[in-house]
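A.B. asks: So that we are looking at the same thing, I have put the structure below in structure tokens.
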Amino acid sequence: MQLIPTSRLAKADKILFIAHLAIGDFTYLQNFFQAFSRAHPHVQVHIWIDEVRRTTDQAKWGYLKNYALYDWAEQCPFFAKVYRRTYSPQLLAESIAEARAQHYPLVVSLATLRPHHYARLARQVGPDAWVVGMRRKPRWYAPSDWLAYRCLDASFARFSPFAGYHITDEYADWFSQLSGLVVNGEQRLPFVDIPAQWQQYAQSQLLEWGVAKPTTASGKPALVFINPFAKTKKRCWPVARVADLIQCLQARPEWAQTRFVINATPQEIDQAKAQIADRLPPNTYWFSAQQSFFQLPAILQCCGLIISVETAVMHLANAVNVPVVALMRRKNPEWAPIDRARSTVVMAARRSDWVDAIPMEQVLEVLP
């Protein structure tokens, strides 16, 4: 039996999903939100993107306020409302009050971290709602967990991993339990609709970098995008090794005319530039999406090859249909890019290895 009773879903005019989301999560989850919206056109879909880095430190509010995912979510036509102001305790309280005023009939928490906390939050924003959420075994030393899970009217059965599963299999299981929704095959392939202004921006940037055609005279990609940075050091590749890789390729006649772009976040780019300031290869440029999230996929769409560590960029490569070489640890193979035809995964040798254990030579071996 589905977690949202059929009768309640039929009568509902809106639903609130609560989730803590990285861009990689959203790249795949958006397909399920879209499919849910299409299956139930009478239900407005609202989404609460919770900021797990919530803080009272005002110095951090600037970049938290401008989290790139908000740009993307607010452009999605299947979301009628996006809650994006939860990065401070005061704004969290204001957002809770705003949500309560909506009188949601249905609230669903998809939060896998601290599910007891999000069970409480879901009930706070929907005091009279049918509330569905994640549930984990209550901690024996925290009786409050039991009280938190009593806030739920229904809870998801835990997903059972199987050999070779992809993260979208887990997401599909959630929505199947929730409402009987079925999303399979190509319906799970990521997508991104890039506004015209950012496509025009990308074309201007290409002219500035001297890229006029998709390929060089030798048939190699005219523009290669390299992303060595992730949120944690375990998933980063040394920027000095990126410079070595570019120099090695440029020494080969067939790659001599290729332009290279190194990506970094606004918070990382100055430090990254300093690391290789005295040895930045020719025809190599820095990129950072400073103004809008859509700057990133707009540039990715114009590349002939993308090389990225295990972070959102490798999934966005699939969304814009550009071949990608993904550098990954062995710990989470379910997060490999879903489009196998356009994706080459280079794994670190051992499960305990970080991404920086992948040598440059291993990357060179798989390049087209």
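Residue numbers (our numbering): 663 to 1030. Even glycine gets a Cβ: it sits at the ideal position worked out from N, Cα and C. From a predicted model like this one, the values you see are computed outputs, not experimental measurements.
Tell me the DSSP bridge mates of residue 925?
C.D. replies: 949
A.B. asks: Using only the alpha-carbon positions, how far apart do residue 765 and residue 855 sit?
C.D. replies: So the alpha carbons of these two residues sit roughly 31 Å apart.
A.B. asks: Residues bridged to residue 999 by DSSP?
C.D. replies: In the DSSP assignment, residue 999 is bridged to no other residue.
A.B. asks: When the distance is taken between beta carbons, is residue 773 closer than 8 Å to residue 796?
C.D. replies: Yes, the Cβ-Cβ distance between residue 796 and residue 773 is below 8 Å.
A.B. asks: Of all the options 996, 1004, 906, which has the alpha carbon lying nearest to the alpha carbon of residue 984?
C.D. replies: Among 996, 1004, 906, the Cα nearest to that of residue 984 is on 1004.
A.B. asks: Can you confirm whether the segment 720-731 touches the segment 675-691 when touching is taken to mean that 3 or more C-beta pairs between the two stretches lie within less than 8 Å?
C.D. replies: These segments touch.
A.B. asks: Just grab the DSSP bridge partners of residue 706 for me.
C.D. replies: 676
A.B. asks: What does the alpha-carbon distance come out to for the pair residue 741 and residue 980?
C.D. replies: 22 Å
A.B. asks: For residue 751, which residues from the same chain have a beta carbon less than 8 Å from its beta carbon, with the 5 sequence-adjacent residues on both sides left out?
C.D. replies: 716, 718
A.B. asks: Looking at the unbroken alpha helix (DSSP H) that takes in residue 795, where does it start and where does it end?
C.D. replies: For residue 795, no alpha helix (DSSP H) encloses it; the enclosing beta strand (DSSP E) starts and ends at 792-795.
A.B. asks: Alpha carbon to alpha carbon, what distance is there between residue 767 and residue 790?
C.D. replies: So the alpha carbons of these two residues sit roughly 7 Å apart.
A.B. asks: Is there contact here, the segment 988-997 with the segment 962-979, by at least three beta-carbon pairs under 8 Å?
C.D. replies: yes
A.B. asks: Exposed or buried, what is residue 836 when buried is set at 16 or more other beta-carbons lying within 10 Å of its beta-carbon?
C.D. replies: buried
A.B. asks: Would you kindly report the start and end of the unbroken alpha helix (DSSP H) that includes residue 1028?
C.D. replies: 1022-1028
A.B. asks: Measuring straight from C-alpha to C-alpha, what distance separates residue 917 and residue 846?
C.D. replies: 39 Å
A.B. asks: If we ignore side chains and look at the alpha-carbon of each, how far apart do residue 675 and residue 737 end up?
C.D. replies: Rounded to whole angstroms, residue 675 and residue 737 show a C-alpha spacing of 21 Å.
A.B. asks: Could you check where the beta strand (DSSP E) with residue 888 kicks off and where it finishes?
C.D. replies: 885-889
A.B. asks: Give me the Cα-Cα distance between residue 1002 and residue 977, rounded to the nearest whole angstrom.
C.D. replies: One C-alpha to the other measures close to 11 Å.
A.B. asks: My understanding is that residue 770 touches residue 677, with C-beta atoms under 8 Å, so please give their C-beta distance in whole angstroms.
C.D. replies: Approximately 7 Å separates the beta-carbon atoms of residue 770 and residue 677; this is inside 8 Å, confirming the contact.
A.B. asks: Could you give the residue range of the alpha helix (DSSP H) that holds residue 878?
C.D. replies: From DSSP, residue 878 is part of no alpha helix (DSSP H); its letter is neither H nor E.
A.B. asks: For residue 928, which residues of its own chain have a beta-carbon under 8 Å away from its beta-carbon, when the five flanking residues on both sides are left out?
C.D. replies: 725, 950, 951, 952
A.B. asks: Go ahead and pull the three-state DSSP assignment for residue 651.
C.D. replies: As shown, the chain starts at 663 and ends at 1030. That puts residue 651 outside it, with no answer to give.
A.B. asks: Tell me which residue opens and which closes the beta strand (DSSP E) that residue 632 is part of.
C.D. replies: Given that the chain is displayed from residue 663 to residue 1030, the structure contains no residue 632 and the question cannot be resolved.
A.B. asks: I'd like to confirm the pairing. Which residues does DSSP put opposite residue 745 in its beta bridges?
C.D. replies: 710
A.B. asks: Please confirm whether residue 702 and residue 671 have their CB atoms less than 8 Å apart.
C.D. replies: yes
A.B. asks: With a threshold of 16 other CB atoms inside 10 Å of the CB of residue 712, please say whether the residue is buried or exposed.
C.D. replies: buried
A.B. asks: When burial is assigned at 16 or more other CB atoms within 10 Å of the CB, is residue 830 buried or exposed?
C.D. replies: Buried, since its Cβ has 16 or more Cβ neighbours within 10 Å.
A.B. asks: Whose CA, out of 763, 806, 759, 930, lies closest to the CA of residue 781?
C.D. replies: Comparing Cα positions, the closest option is 806.
A.B. asks: Since residue 1006 sits in a beta bridge, which residues does DSSP pair it with?
C.D. replies: Its beta-bridge partners are 987.
A.B. asks: Once the 5 residues before and after residue 898 are set aside, which same chain residues still bring their CB inside 7 Å of it?
C.D. replies: 890, 891, 892, 971, 1017, 1018
A.B. asks: Whole angstroms are fine: how far does the CA of residue 901 sit from the CA of residue 879?
C.D. replies: 28 Å
A.B. asks: On the DSSP bridge assignment, give the partners of residue 768 in chain order.
C.D. replies: 677, 792
A.B. asks: I'd like to check one pair, residue 874 with residue 920: are the Cβ atoms closer than 8 Å?
C.D. replies: no
A.B. asks: Buried or exposed: which applies to residue 941, given that a residue is buried once 16 or more other Cβ atoms fall within 10 Å of its Cβ?
C.D. replies: By the neighbour-count rule (16 or more Cβ atoms within 10 Å), residue 941 is not buried but exposed.
A.B. asks: Let me know the secondary structure DSSP gives residue 858 once reduced to three states.
C.D. replies: When DSSP states are grouped into helix, strand and coil, residue 858 belongs to the helix group.
A.B. asks: On a Cα-Cα basis, can you pick out the residue from 809, 669, 775 that is closest to residue 785?
C.D. replies: 809
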